[in-house]
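> Okay, here's the structure, questions in a sec.
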Amino acid sequence: VGDLADVKLGYSEGSQQAKYNGKPAVSFQIEKTTDQDIKRITDELYTYKKVFDEQNPDFQFNIFYEFNSMLNERIDLFTSNGIMGFVLVLLFQA
584 VGDLADVKLG YSEGSQQAKY NGKPAVSFQI EKTTDQDIKR ITDELYTYKK
634 VFDEQNPDFQ FNIFYEFNSM LNERIDLFTS NGIMGFVLVL LFQA
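When we follow this note's numbering, the leftmost residue of the sequence shown carries the number 584, and every step to the right adds one.
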(Lines of atoms letter the chains of each structure in order from A; the text may use other names.)
(Lines give C-alpha, C1' and ligand atoms only; values in the text may rest on other atoms or scores of the structure.)
Protein backbone atom coordinates (compact mmCIF):
# COMPACT_ATOMS: atom_id res chain seq x y z
CA VAL A 584 0.00 0.00 0.00
CA GLY A 585 2.91 2.36 0.73
CA ASP A 586 3.81 2.24 -3.01
CA LEU A 587 0.38 3.57 -3.94
CA ALA A 588 -0.27 6.20 -1.26
CA ASP A 589 1.13 7.98 1.77
CA VAL A 590 0.24 5.78 4.74
CA LYS A 591 0.05 7.34 8.18
CA LEU A 592 -0.83 5.65 11.42
CA GLY A 593 -3.51 7.69 13.19
CA TYR A 594 -7.18 8.46 13.49
CA SER A 595 -9.36 9.30 10.52
CA GLU A 596 -10.84 12.79 10.39
CA GLY A 597 -14.31 11.63 11.43
CA SER A 598 -13.27 9.09 14.05
CA GLN A 599 -14.34 9.26 17.65
CA GLN A 600 -12.03 8.77 20.57
CA ALA A 601 -13.48 7.24 23.72
CA LYS A 602 -12.04 8.34 27.02
CA TYR A 603 -12.93 7.49 30.60
CA ASN A 604 -11.43 9.60 33.39
CA GLY A 605 -9.06 11.06 30.79
CA LYS A 606 -7.70 7.66 29.75
CA PRO A 607 -8.22 5.84 26.43
CA ALA A 608 -11.29 3.62 26.50
CA VAL A 609 -13.29 1.23 24.36
CA SER A 610 -17.02 1.74 24.22
CA PHE A 611 -19.69 -0.55 22.80
CA GLN A 612 -23.44 -0.94 22.90
CA ILE A 613 -25.30 -4.24 23.16
CA GLU A 614 -28.79 -4.41 21.70
CA LYS A 615 -31.28 -7.24 21.91
CA THR A 616 -33.63 -8.55 19.28
CA THR A 617 -37.34 -8.96 19.97
CA ASP A 618 -36.99 -12.65 20.80
CA GLN A 619 -34.09 -12.30 23.27
CA ASP A 620 -34.44 -12.04 27.06
CA ILE A 621 -33.04 -8.79 28.49
CA LYS A 622 -32.51 -10.35 31.95
CA ARG A 623 -30.44 -13.17 30.49
CA ILE A 624 -28.35 -10.75 28.44
CA THR A 625 -27.73 -8.61 31.53
CA ASP A 626 -26.79 -11.66 33.62
CA GLU A 627 -24.33 -12.81 30.92
CA LEU A 628 -22.83 -9.32 30.72
CA TYR A 629 -22.17 -9.20 34.46
CA THR A 630 -20.74 -12.74 34.36
CA TYR A 631 -18.39 -11.67 31.56
CA LYS A 632 -17.43 -8.55 33.53
CA LYS A 633 -16.51 -10.66 36.56
CA VAL A 634 -14.30 -12.99 34.49
CA PHE A 635 -12.72 -10.06 32.62
CA ASP A 636 -11.92 -8.22 35.86
CA GLU A 637 -10.30 -11.34 37.34
CA GLN A 638 -8.20 -12.03 34.24
CA ASN A 639 -7.24 -8.40 33.48
CA PRO A 640 -6.34 -6.58 36.71
CA ASP A 641 -4.67 -3.72 34.77
CA PHE A 642 -7.91 -2.81 32.99
CA GLN A 643 -11.39 -1.72 34.06
CA PHE A 644 -14.66 -3.07 32.66
CA ASN A 645 -17.40 -0.57 33.50
CA ILE A 646 -21.08 -0.90 32.74
CA PHE A 647 -22.55 2.58 32.48
CA TYR A 648 -26.13 1.85 31.60
CA GLU A 649 -28.15 -1.30 31.46
CA PHE A 650 -31.86 -1.25 30.78
CA ASN A 651 -32.73 -4.28 32.95
CA SER A 652 -32.26 -2.36 36.24
CA MET A 653 -34.37 0.53 34.98
CA LEU A 654 -37.04 -1.90 33.77
CA ASN A 655 -37.15 -3.62 37.17
CA GLU A 656 -37.43 -0.26 38.94
CA ARG A 657 -40.34 0.74 36.71
CA ILE A 658 -42.09 -2.58 37.31
CA ASP A 659 -41.65 -2.14 41.08
CA LEU A 660 -43.02 1.42 40.88
CA PHE A 661 -45.97 0.26 38.76
CA THR A 662 -46.71 -2.54 41.25
CA SER A 663 -46.53 -0.30 44.32
CA ASN A 664 -48.67 2.38 42.62
CA GLY A 665 -51.17 -0.29 41.59
CA ILE A 666 -51.43 -1.63 45.14
CA MET A 667 -51.80 1.89 46.55
CA GLY A 668 -54.48 2.68 43.97
CA PHE A 669 -56.35 -0.52 44.81
CA VAL A 670 -56.25 0.31 48.54
CA LEU A 671 -57.56 3.82 47.85
CA VAL A 672 -60.39 2.44 45.71
CA LEU A 673 -61.35 0.06 48.52
CA LEU A 674 -61.26 2.88 51.10
CA PHE A 675 -63.43 5.22 49.06
CA GLN A 676 -65.89 2.44 48.15
CA ALA A 677 -66.80 1.93 51.80
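Every residue gets a Cβ at the ideal spot worked out from N, C-alpha and C, and that includes glycine.
Considering only their Cβ atoms, is the gap separating Asp636 from Phe647 smaller than 8 Å?
Taking 8 Å as the Cβ cut-off, Phe647 and Asp636 do not qualify as a contacting pair.
> Alpha carbons only, please: which of Ala601, Gln599, Ser652 and Val609 is nearest the one belonging to Ile621?
Nearest C-alpha to Ile621: Ser652.
> Quick one: is Thr625 buried, meaning 16 or more other Cβ sit within 10 Å of its Cβ, or exposed?
Thr625 comes out buried.
> Which parts of the segment 612-655 are runs of the alpha helix (DSSP H), unbroken and 4 residues or longer, counting only runs that do not cross its ends?
Runs of the alpha helix (DSSP H) inside the segment 612-655: 621-638.
> Alpha carbons only, please: which of Lys602, Asp618, Thr617 and Gln619 is nearest the one belonging to Phe611?
With distances taken between Cα atoms, Phe611 lies closest to Lys602.
> With a Cβ-Cβ cutoff of 8 Å, do Leu628 and Glu656 count as a contact?
No; because the gap between Cβ atoms is not below 8 Å, this pair is not in contact.
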